[in-house]
Amino acid sequence: MKLPDASHFGAQSLACLLGMLALAACPHARAQAEATAPRTFAPLMTGFIEGGLGHANLSGNNASWNDQYLRGGMHLSDKDYVTGEISHQHHFGDQGTFFGLGYTRDFNADWYGFLSAGTSTGGFFLPEFRVDGMLFRKFLEKRNLVASAGFTYYRAREIYTDKTLLLGLTYYFDAPWIVQFGARLNRSDPGNVRSSRGVAAITYGRDKDQYITLKYDGGREAYQLTGAQSLLSDFTSHEVTLNWRKWFNKRYGMNLRAIYYDNPSYRRKQAEIGFFIEF
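Residues -31 to -1, 1 to 248 (mature numbering (1 follows the signal peptide of the UniProt record, and there is no 0)) are what the sequence shown spells out, left to right.
Right, dumping it as structure tokens:
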């Protein structure tokens, strides 16, 4: 997507999408519940609906994962956009359903923000409650450099809570390239365990044609539940994601995602397919 001025709502929407996908999902939540973090997909039309499913194979004696999701969004006005998601997830031999709502507000030509909250039923790996917030600021003459700062509060059903500071920087080239860098500074309790992660992503594409995004996410994780009585703590993990969002025409398209994740205890290979309609 060529961005002569990132104040264009489509550019702002993609920045928010990239920021939330790369930064707002907790490392442990992403490793356990891939659809957990409410997503921000804000197309140039009034709204969208997307449904899909995913499957993952894990190494060792871990059971496969299976997910189904339905998400959507709609403009309330030219400055207000709401999103919602329901995802049913079967991970580590247990299953549950996550419910999330998100709100994006365009304050002016330079500032916009995002806030989301979610909860779940069942599934020891799902959050009892989580809230994510991001504030975005555009810089340069073309407003094509976007800085972001935000937070995540994550309360697991058992054992721990996370409080996270999110920092990000996204640059839109005149050509159809976008690069992003981010950092997560996390504190987990009990134990006041500190962990940090870095994110780097590159996107190629244009709106209503396709977006291809390659993302690397690596660093430390404080806690991760892999069973009702099984907990990983204070370890290093790495994740590589390749995402392809392709429009068949101006209204319909598909979203494909492949993920490779590893930590000292197991490896995960995951694929997801979804179909969307914009209206």
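Even for Gly, the Cβ is constructed at its ideal location relative to N, Cα and C. Computed from a prediction, not measured in an experiment: that's the story for all the values here.
Contact between Gly42 and Val51 holds, since their C-beta atoms are separated by about 6 Å, short of 8 Å. Under the 10 Å beta carbon count, Pro96 is surrounded by 16 or more other beta carbons and is classified as buried.
When secondary structure is reduced to three states using DSSP, Lys177 falls in the coil class, being assigned neither helix nor strand. Between the alpha carbons of Phe76 and Lys48 lies a gap of roughly 7 Å. Beta-bridge annotation (DSSP): Phe245 is paired with Glu19 and Gly222. Leaving aside the five residues that flank Ser117 on each side, the residues in its chain whose CB is nearer than 6 Å to its CB run, in chain order, Gly(-13), Met103, Phe105 and Gly137. Distances from the CA of Ile181 to each of Glu208, His207 and Ile147 were compared; the closest alpha carbon is that of Ile147.
One thing to note: Ser164 has its Cβ no nearer than 8 Å to the Cβ of Glu127. For Leu39, the three-state secondary structure derived from DSSP is strand.
For Ala197, the secondary structure class from DSSP, reduced to helix, strand or coil, is coil. Note that the C-beta distance between Asn224 and Glu19 is below 8 Å. The Cβ neighbour count for Leu109, taken over all protein chains shown within 10 Å, is under 16; the residue is labelled exposed. Within the same chain, and ignoring the five residues on either side of Thr205 in sequence, the residues whose Cβ sits closer than 8 Å to its Cβ are Gly187, Gly188, Arg189, Glu190, Asn232 and Pro233. Per DSSP, the beta-bridge partners of Lys238 are Asn26 and Tyr229. Ranked by Cα distance from Ala125, the options Thr195, Asp143, Glu247 and Asn35 are led by Thr195. Distance from Lys238 to Asn26 at the Cβ level is roughly 5 Å; contact confirmed, criterion being Cβ atoms closer than 8 Å. In the displayed model, Ser33 falls within coil according to three-state DSSP, outside both helix and strand. Taken through DSSP and simplified to helix, strand or coil, Tyr122 comes out as strand.
Within the stretch 50 to 94, the complete beta strand (DSSP E) segments of 3 residues or longer fall at 63 to 75 and 80 to 91, listed in chain order. Separation of Asp36 and Phe93 (C-alpha to C-alpha, rounded to the nearest whole angstrom) is 15 Å.
With fewer than 16 other beta carbons inside 10 angstroms of its own, Ser199 counts as exposed.
Taking 8 Å as the cut-off, the beta carbon of Ile228 is found no closer than this to the beta carbon of Leu22. Taken through DSSP and simplified to helix, strand or coil, Tyr129 comes out as coil. The Cβ neighbour count for Ala32, taken over all protein chains shown within 10 Å, is under 16; the residue is labelled exposed. Its chain contains Ala86 and Tyr122 as the residues whose beta carbon lies nearer than 6 Å to that of Val100, once the 5 sequence neighbours on both sides are disregarded; these appear in chain order.
Secondary structure note for Gly160: it is in no beta strand (DSSP E), with a DSSP letter that is neither H nor E. Taking every protein chain shown into account, the CB of Tyr81 has 16 or more other CB atoms within 10 angstroms, so this residue is buried.
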